[in-house]
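Written out below as structure tokens is the structure these notes cover.
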């Protein structure tokens, strides 16, 4: 219900009161402006020249002197004209021009209105006699208009005009009330309907009800602003219909209309640049769509590129898109409003400096991401080891690489670290035989070598995940102080199951050695034994098989 309180049904009285308050403030300011006719439409120095203003209309400009400044002289002439016009309502005035000691005297029915001086002639760059005639004509027209605006017929016309404006205003307000009651709700319902699917797709991150309420609020706010403008202009036009309030109405209309006209003029002047920006934007989007279509066909196999990896398709597209957008921004820069100002250019330089200083690590990670993507060392789905982390590559981004550890943890590794560190890839196949897993056990010197090797091969053959071909093999890694270090090696193509495979291999080694009564670890050395630790008889080459092994 918040949005309804913005523009209530009784809002006419409320907003009209606000508009009247603004209008009253404007009238006070306008009266101050009118009391000082030295603030005219012509930009002149009031100490040297000021216009004579009657009823908001500028008649002519007069020069001032040290004894009588221009603004005081203009106010005196305007006061004489108004005083003479109020003396009678006769629509005839006899104007005469006489020579005087200071210049040409302009009289209306034998009453002095003003004196046209040689300084006025020099300022207007006009002959004194011609200037006096023009000023006399302007004074006569001002007097006749002043009287005509206050005649009985003019009063009736003013009342009729005010009544017409009131009827039009009431009709528009009634129409706006209908629009206010229907249009926002309909638009809000349409927005809610269109954003329902978005809310479901984003798991209610975008709430359709909230979006509809926001749109309804904005629509009512726009209607309220429009209503305030309408009320302002209605009261201004009503005041404009009466002679006494006409100057105030003219100022009020100028205060609001002037900025609007300036904005429209600025928009019109900027329209060619706006069209250029629109063309650049449309052309850039068209090219990007063409590039996207090309890479879609590359990904589908319709277009074949030699030595072009499928994982390069969309990273390459994103790089080309960034380059195209950057070129478009550079081309569009001269057409951006205010781009030629020093403030805008200084702000752009400051932003570039901040980005260059604060983004060293960002740029390093971005460039490293490109190397990671294009050097083919790591692909999505590979089991890798970097530092102390082992996991599967889930996503390769421009700034980071996401891996899922064997403990199902998501680990974010900066691409700069990935590029500068040793990376072990357990999923890459170099010669087609797979990954070679290995582990080591220490067995005492008293056990026959071929027996130990046979037991280790048997444990490897029991391990699920290790290949039977190529066959597992044993290497003697070292002749240690107390034991011989045997290393069992077996091939596997299941790099992603390496921890499980290694665990099974260790389990099978323990089982096989226990079945054959062979001790894996030799006791620590204390002293020479009484009997040498050597086999009593050669091994007959037969291993004891477990019941599980016999079933196999």
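Numbering (full-length UniProt numbering), first residue to last: 1 to 552. All C-beta atoms in this analysis are idealised placements derived from N, C-alpha and C, irrespective of residue type, glycine included. Quantities reported herein were computed from a predicted structural model and do not represent experimental measurements.
Determine whether the beta carbon atoms of residue i and residue j lie at a separation below 8 Å.
i: residue 63; j: residue 99; result: no
i: residue 114; j: residue 135; result: yes
i: residue 61; j: residue 78; result: no
i: residue 461; j: residue 470; result: no
i: residue 188; j: residue 213; result: yes
i: residue 406; j: residue 393; result: no
i: residue 459; j: residue 488; result: yes
i: residue 49; j: residue 70; result: yes
i: residue 421; j: residue 495; result: no
i: residue 379; j: residue 401; result: no
i: residue 108; j: residue 146; result: no
i: residue 317; j: residue 303; result: no
i: residue 158; j: residue 282; result: no
i: residue 505; j: residue 439; result: yes
i: residue 434; j: residue 493; result: yes
i: residue 180; j: residue 220; result: yes
i: residue 474; j: residue 447; result: no
i: residue 245; j: residue 239; result: yes
i: residue 396; j: residue 518; result: no
Counting only the same chain and skipping the five closest in sequence on each side, list residues whose C-beta sits under 6 Å from that of residue i.
i: residue 408; result: none
i: residue 27; result: Reliability fails at residue 27, whose pLDDT of 48 lies under 50, so the model's placement of it is uncertain and no value is given.
i: residue 321; result: 288
i: residue 253; result: 236
i: residue 202; result: Residue placement at residue 202 is poorly supported in this model, since its pLDDT is 49, which falls under 50; the coordinates are not used for a value here.
Could you give the C-beta distance for residue i and residue j, rounded to a whole number, given that I count them as a contact under 8 Å?
i: residue 486; j: residue 441; result: 6 Å
i: residue 148; j: residue 91; result: 7 Å
i: residue 133; j: residue 97; result: 7 Å
i: residue 445; j: residue 484; result: 6 Å
i: residue 437; j: residue 399; result: The Cβ separation is near 34 Å, so there is no contact.
i: residue 257; j: residue 328; result: That belief does not hold up - the Cβ atoms of residue 257 and residue 328 are roughly 38 Å apart, past 8 Å.
i: residue 169; j: residue 223; result: At roughly 15 Å, the Cβ-Cβ gap does not stay under 8 Å, so residue 169 and residue 223 are not in contact.
i: residue 299; j: residue 313; result: 5 Å
i: residue 277; j: residue 335; result: 5 Å
i: residue 556; j: residue 154; result: Residue numbering for the chain in the displayed model covers 1 to 552; residue 556 lies beyond these limits and cannot be assessed.
Taking its Cβ as the centre, do 16 or more other Cβ atoms sit within 10 Å of residue i, making it buried, or is it exposed?
i: residue 274; result: exposed
i: residue 186; result: exposed
i: residue 122; result: exposed
i: residue 264; result: exposed
i: residue 55; result: buried
i: residue 466; result: buried
i: residue 234; result: buried
i: residue 346; result: exposed
i: residue 556; result: In the structure as shown, the chain starts at 1 and stops at 552, and residue 556 therefore has no counterpart that could be examined.
i: residue 541; result: exposed
i: residue 184; result: buried
i: residue 286; result: exposed
i: residue 419; result: buried
i: residue 205; result: Note that residue 205 scores 46 on pLDDT, short of 50, meaning its location in the model is unreliable and no value can be drawn from it.
i: residue 166; result: exposed
i: residue 463; result: buried
i: residue 482; result: exposed
i: residue 451; result: buried
i: residue 479; result: exposed
i: residue 45; result: Legend: pLDDT at residue 45 = 49, less than 50; position of this residue unreliable, value from coordinates given subsequently. That one is exposed.
i: residue 225; result: exposed
i: residue 59; result: buried
i: residue 391; result: buried
Sorted by chain position, which residues of the same chain lie with C-beta nearer than 7 Å to residue i's C-beta, five sequence neighbours on each side aside?
i: residue 513; result: 455, 520
i: residue 116; result: 103, 104, 106, 128, 131, 132, 135
i: residue 306; result: none
i: residue 191; result: 211, 212, 215
i: residue 111; result: 84
Whose C-beta lies closer than 8 Å to the C-beta of residue i among residues of the same chain, with five residues either side of it excluded?
i: residue 423; result: 377, 378, 384, 385, 386
i: residue 93; result: 108, 109, 140, 143, 144
i: residue 389; result: 403, 405, 411, 413
i: residue 95; result: 106, 107, 108, 136, 137, 139, 140
(Q) Just to confirm the assignment: which complete beta strand (DSSP E) runs, minimum length 3, are found wholly within the region 419-452? (A) 423-425, 435-443
Q. Mind pulling the alpha helix (DSSP H) runs of 4 or more residues that sit fully within the region 233-316?
A. 246-300
Q: Let me know the alpha helix (DSSP H) ranges lying completely inside the region 133-207, each 4 residues or longer, listed in chain order.
A: 152-201
Q: Return the chain-ordered ranges of every beta strand (DSSP E) run that is complete within the region 70-103 and spans a minimum of 3 residues.
A: 95-99
**Q.** Inside the region 444-516 only - beta strand (DSSP E) runs reaching at least 3 residues
**A.** 473-479, 484-492
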